[in-house]
Amino acid sequence: MSKGLCEGFLVCVLAVAALFASAGAVAAAESDRSGGDFRVSHAWDKQNIAIQIEGLRKPLRVLHLTDTHVSGLHPNAVPGPEPKKNPTDVNVLETLKKSKEMNLDLIVLTGDIIHFPKREWAEYVAKALDATGVPWLYIAGNHDVDTKDGADPWPALEPLTKGRNAFNSLELGGILFVGIDDSQYSVTAEQLAFFRRELKKGRPTVLLMHIPLSVPTLRPKSILWWGCPILLADPDWPGDRKWLSLETLPSRFSDKTTTEFAWAAAAAPNLVAVLSGHLHGPSADNVNPKSVQYVGPHCGFGDYRLVEFLPFVPGSNSSKKPANKKN
Ligand SMILES: [Fe+2]
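Position 26, counted from 1, in the sequence shown is what my numbering calls 26; the numbers after and before it change by one each time, with no gaps.
The structure is reproduced here in C-alpha cells:
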C-alpha cells in the first residue's frame with residue numbers, strides 16, 4: 001500500500017456549525033448539550049486528533065490503537081511498511097508502557113489486534129492493557145476472527161471481548177463510545193438496533209469499528225492501497241474479487257441491513273467521530289458535516305493515535321496551519 005498519501009496527511013481543520021437540530025435533548029451528566037444540538041470542530045495531524053464538542057465540561061484523552069497484528073512474528077510476516085527492529089508484540093508492549101505518561105482516560109482498540117485468534121495472544125494483549133490501569137474497549141477485526149477453517153474464533157478472543165463480541169458501549173465524560181463488530185463486512189439487524197438505541201441516548205457519540213464506512217473521499221485511497229474498496233457498505237465491493245480471503249467471508253456484503261447501518265451513522269446528528277482501521281494507512285474523511293471518520297495506521301510498529309476531546313472554544317481549533325506549509 002502506498003504510504004505517500006500518508007505523508008501528505010495534512011493538519012486539516014473542520015469547523016462545522018450544528019446543522020442538525022435535535023428534538024428532545026437530554027441533559028448529559030458531563031455535557032451541557034446532547035441530542036445533536038451542539039457544535040463540533042475537528043483538527044488533526046498524523047498522530048494527534050483534537051475534537052472540540054460544545055457543552056463538554058472537561059477534556060478526555062483517548063489512545064486509539066488498531067491493526068497491531070500481535071503475533072510475535074517478525075514484522076515481515078504481516079503487511080505494513082518497512083520492517084523494523086522489533087516484532088509486533090514487543091512494539092505494542094512498548095506503546096502501552098509509553099501510554100502511562102499520556103494521562104489517558106480510555107484506550108480503544110479497533111480490530112486486527114492479534115494476527116489470528118489465539119488465546120495466548122489475546123491474553124498477552126489484555127494483560128498489557130490491564131497493566132496500564134486505564135479502561136479499554138476492544139472490537140474485533142477480520143484477522144482477529146480468521147481461523148482459516150471456519151472454527152468459532154470467539155472463545156480465543158474472550159480475554160479481549162469479555163464476552164461482548166458483537167457490540168459494546170461505554171459512556172465516559174459525557175461521551176458515548178459504541179463498538180460494533182463489522183469484521184465480516186456486514187452488520188446484523190441486532191447490531192443495527194443496538195446502534196440506534198445508543199444513538200437515541202443523545203450523547204455525543206464515537207463509533208468504533210474495524211472496517212471503515214465507505215465514504216467518497218476514502219474510496220480512492222482503498223482502491224490505490226488495496227486494489228479495491230475494502231470498505232463497509234461499499235456499492236462495488238467485492239468488485240472484481242481481487243481480495244484473496246473473499247472466499248472465506250460470508251456473502252452478505254453491503255446487504256440491506258449493513259447499508260441501513262451506514263445511513264444511520266451518516267444521518268446521526270450526535271455522531272462526532274468514527275475510529276476504525278483495516279486499511280493500514282491513516283486517513284480522515286467526513287461522514288457528515290459534523291463527524292469525521294479517522295482510519296488509524298498500522299500500529300504494529302509503534303504507531304498510535306491520541307484523540308483529545310475538548311470543550312468547544314470558537315475559533316481555537318481553526319488556528320492551526322497545515323503541517324506541510326512553511327508559513
Ligand atoms: Fe489489519
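Ideal Cβ positions, reconstructed from N, Cα and C, are used throughout, including at glycine.
{"Check": "Endpoints, beta strand (DSSP E) assigned at Glu-190", "Outcome": "No beta strand (DSSP E) holds Glu-190; the alpha helix (DSSP H) holding it covers 189-200."}
{"Check": "Whole-angstrom distance between Ser-222 and Leu-106, CA atom to CA atom", "Outcome": "29 Å"}
{"Check": "Of the residues Pro-282, Thr-95, Ser-71, Ser-41, the one placed nearest Gly-302, counting alpha carbons only", "Outcome": "Thr-95"}
{"Check": "Ligand 1 heavy atom lying under 7 Å from the CB of His-69", "Outcome": "yes"}
{"Check": "Beta-carbon proximity list for Thr-188, same chain, < 8 Å, skipping 5 on both sides", "Outcome": "Ala-166, Thr-257"}
{"Check": "For Phe-309, three-class secondary structure by DSSP", "Outcome": "strand"}
{"Check": "Gly-141 beta carbon near ligand 1 (any heavy atom closer than 7 Å)", "Outcome": "yes"}
{"Check": "Contact under 8 Å by Cβ, His-42 with Gly-111", "Outcome": "no"}
{"Check": "Local conformation of Pro-79 per DSSP, three classes", "Outcome": "Because the pLDDT of Pro-79 is 48, which lies under 50, any placement of that residue in the model is unreliable, and the question is left without a value."}
{"Check": "Alpha-carbon to alpha-carbon, Asn-91 and Glu-190", "Outcome": "36 Å"}
{"Check": "Chain-order list of residues whose beta-carbon lies under 7 Å from that of Trp-121 (same chain, five-residue window excluded)", "Outcome": "Val-70, Ser-71, Ile-114"}
{"Check": "Val-16 to Gly-133 span [Cα, whole Å]", "Outcome": "Low per-residue confidence applies at Val-16: pLDDT is 32, beneath 50, and the placement is therefore not dependable, though the value from the model is reported in the following sentence. One C-alpha to the other measures close to 35 Å."}
{"Check": "8 Å Cβ cutoff met for Leu-213 and Leu-232", "Outcome": "yes"}
{"Check": "Backbone secondary structure at Phe-38 - three-state DSSP", "Outcome": "coil"}
{"Check": "Distance CB(Arg-334)-CB(Ala-264) smaller than 8 Å", "Outcome": "This structure leaves residue 334 out entirely; the chain is present only between 1 and 327."}
{"Check": "Given Val-62 as reference, the closest of Leu-109, Lys-46, Asp-89 once Cα atoms are compared", "Outcome": "Leu-109"}
{"Check": "Distance cut-off 7 Å: His-400 Cβ against heavy atoms of ligand 1", "Outcome": "The first residue shown for the chain is 1 and the last is 327, placing residue 400 beyond what the model contains."}
{"Check": "Expected contact under 8 Å - CB spacing of Val-274 and Tyr-294 to nearest Å", "Outcome": "7 Å"}
{"Check": "Rounded separation between Lys-58 and Arg-39 - CA only", "Outcome": "16 Å"}
{"Check": "Alpha carbon of Glu-328 to alpha carbon of Arg-305, nearest angstrom", "Outcome": "Here the chain covers residues 1 to 327 and nothing more, so residue 328 does not appear."}
{"Check": "Nearest to Ser-186 (by Cα), restricted to the options Lys-118, Phe-261, Leu-199, Ser-169", "Outcome": "Phe-261"}
{"Check": "Selected residue, minimal CA-CA separation from Ala-284, among Asp-37, Gln-47, Gly-35", "Outcome": "Gln-47"}
{"Check": "Simplified DSSP state of Ala-43, which is helix, strand or coil", "Outcome": "strand"}
{"Check": "Check whether Phe-309 and Leu-56 have beta carbons under 8 Å apart", "Outcome": "yes"}
{"Check": "DSSP three-state assignment for Tyr-124, whether helix, strand or coil", "Outcome": "helix"}
{"Check": "Asp-112 Cβ short of 7 Å to ligand 1 heavy atom set", "Outcome": "yes"}
{"Check": "Cutoff 6 Å; reference Arg-119; Cβ partners in own chain excluding five residues on either side", "Outcome": "Ala-156"}
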